[in-house]
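All remarks here apply to the structure that follows.
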Amino acid sequence: GDPELGRKVAELARAEPWPTVDQVRKRLLVGRIQRIAIRPDVFPWTLFPVLWAASFLKARPDVYLWEKIRPLDPLPASYRQRYSNVQAVLGLEGLRRLDQWTGASRRNAALWTQWLGRMEGVELPVIPPGRTHVYYQYCIYVPDRDRLVQRCIRRGLDVETLHVDVCTRLPLFQPSAAAPGADRAAQAVQLPVYAGLREDQLRWAAGVVQQALEGLLLAGPTRQSAFD
Numbered sequence: 008g009d010p011e012l013g014r015k016v017a018e019l020a021r022a023e024p025w026p027t028v029d030q031v032r033k034r035l036l037v038g039r040i041q042r043i044a045i046r047p048d049v050f051p052w053t054l055f056p057v058l059w060a061a062s063f064l065k066a067r068p069d070v071y072l073w074e075k076i077r078p079l080d081p082l083p084a085s086y087r088q089r090y091s092n093v094q095a096v097l098g099l100e101g102l103r104r105l106d107q108w109t110g111a112s113r114r115n116a117a118l119w120t121q122w123l124g125r126m127e128g129v130e131l132p133v134i135p136p137g138r139t140h141v142y143y144q145y146c147i148y149v150p151d152r153d154r155l156v157q158r159c160i161r162r163g164l165d166v167e168t169l170h171v172d173v174c175t176r177l178p179l180f181q182p183s184a185a186a187p188g189a190d191r192a193a194q195a196v197q198l199p200v201y202a203g204l205r206e207d208q209l210r211w212a213a214g215v216v217q218q219a220l221e222g223l224l225l226a227g228p229t230r231q232s233a234f235d
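Numbers 8 to 235, taken from my numbering, label the letters of the sequence shown in order.
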């Protein structure tokens, strides 16, 4: 690395303020509420009904969960704070378990590949020789991304599309060059692969995706997005 760059980053970090006790407590409280809301036994009664209803309204409520696109100069005040010691402890504990979680995610990804590998019209992740895929998500390409997401949600499975923007499409970054790789990545469907999933849960999810794909391939592609 560049020692001079490292020195400058360290100076900037030391200049950032520490969060107050009240701010730390608020973050922990919000995190606890969020954690409860997305628990497997709670999520079907909290957020999932919104996704299910939106699938019939051709809406994508998930886009409202992310920050509004805006210039970051100057940086918002919330961006210019150090992590609290509590957050640091949680992060260090997560790092200690990272290899274990990654191994479980890779095993889950191998099951997806086994179950979806023979389906026509589905492009699965490819691992280049000599590389290891850590699988933050298991991303596939299908003839009609939005219709597959819609069909899965209506069958009780929450799958996702790319939840970030393609920068070359945003006025903030104009003028820009073509970015076909980024445009292609925006068409991926993200299937759950995280370490906490049990095999029986994965088998159920794979069955839902297979049924949705079979119906999608039989119906053929449409010209208009299901969420447009």
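Glycine included, each C-beta is placed from N, C-alpha and C at the ideal position.
Since we're looking at a predicted model, the values are computed, not measured.
* To do: Inspect the CB distances between the region 100 to 114 and the region 199 to 206 and report whether three or more fall short of 8 Å.
  => Touching, per the Cβ criterion.
* Distance, Cα to Cα, Leu198 vs Glu221? -> Distance between the alpha carbons of Leu198 and Glu221 is about 16 Å.
* Could you check the C-alpha separation between Glu11 and Leu19 for me, to the nearest Å? => Glu11 and Leu19 have their alpha carbons spaced roughly 13 Å apart.
* **Secondary structure of Glu18, DSSP reduced to three states** => Helix, per DSSP.
* Whose C-alpha, out of Arg176, Ala213, Ala212 and Val215, is nearest the C-alpha of Ile76? -> Relative to the Cα of Ile76, the nearest Cα in the group Arg176, Ala213, Ala212 and Val215 belongs to Arg176.
* To do: Could you spell out where the beta strand (DSSP E) holding Val28 opens and where it closes?
  => Judged by DSSP secondary structure, Val28 falls outside any beta strand (DSSP E) and instead within the alpha helix (DSSP H) spanning Val28 to Ala44.
* Asked: Looking at C-beta atoms only, is the number of pairs between the region 135 to 155 and the region 172 to 190 that lie closer than 8 Å three or more?
  -> Short answer: they don't touch.
* Going by the CB atoms, is the gap between Val31 and Val96 shorter than 8 Å? -> Cβ distance not < 8 Å, so Val96 and Val31 don't count as in contact.
* Asked: Under 8 Å, do Trp122 and Ala213 count as touching if we go by C-beta distance?
  -> It is a contact, given that the beta carbons lie within the stated cut-off.
* In chain order, what residues of the same chain have a beta carbon less than 7 Å from the beta carbon of Pro132, not counting five sequence neighbours either side? -> A distance below 7 Å between beta-carbons, with the five flanking residues on each side excluded, links Pro132 to the following residues of its chain, in chain order: His140, Tyr145 and Cys146.
* What's the gap between the Cα of Leu35 and the Cα of Ala44? -> Going from the Cα of Leu35 to the Cα of Ala44 covers about 14 Å.
* What do you reckon, are the CB atoms on Met126 and Gln217 nearer than 8 Å? -> Yes, they are a contact pair.
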